[in-house]
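The opening position of the sequence shown corresponds to residue 14 in the working numbering, with each subsequent residue numbered one higher.
First up is the structure itself, then whatever we jot down about it.
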Amino acid sequence: MSAKLNLDKLDYQIIQEMMENAEISYADLGKKLFVSGGTIHVRIKKLEELKVVKGKKLSIDLKSLGYDVIAFIGVYLEKSSLYDTVAKELKKIPQIVRLNYTTGNYSMFAEIVCKDIQELRYVLHDELQKIKGIERTETFISLEESLDRNVVVLPSGT
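Here's what the structure looks like:
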């Protein structure tokens, strides 16, 4: 896919640096990569147009805001053809922060963030159970997140 995008080494360096610190100014990033801030600006615009860059997010410590429960839910569908319908309904549940269509035991795998066990129970019992097409779910509660990082992006052929 990256061959079609026609990205060069500088584009990959910009992506990597911005993943590590999206607050860095274009001028400072330019100095770090030995190009002008204007060049960084043009490259970021190009990456946004190519949909490589899809915005900038603030990284939040959810525990400090009172979100103490992270869980993963394996979703078994009655039949795989129901994926689009079920995904549309799952996207309406604000506590679900990530949803993947998967191979293996589950049809779908979701990450859910809640303030406490009562909120998790509410989502599992009151929200998920009413979605047509879900045969059953399996829930895994995270005891600790040991790693959260971005992938290291490299130009093609390296």
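By construction, the Cβ of each residue, glycine as well, lies at the ideal position given by its N, Cα and C atoms.
This structure is a prediction, so every number in the text was calculated from the model and none was measured.
- The beta carbons of residue 121 and residue 166 sit no closer together than 8 Å.
- In the three-state reduction of the DSSP assignment, residue 100 falls in the helix class.
- Taken through DSSP and simplified to helix, strand or coil, residue 63 comes out as coil.
- Within the same chain, and ignoring the five residues on either side of residue 140 in sequence, the residues whose Cβ sits closer than 7 Å to its Cβ are 106.
- Between residue 48 and residue 18, the beta carbon gap of about 19 Å keeps them out of contact (Cβ cut-off 8 Å).
- In the displayed model, residue 110 falls within a strand according to three-state DSSP.
- Each of 126, 54, 45 was checked against the Cα of residue 158, and the nearest Cα belongs to 126.
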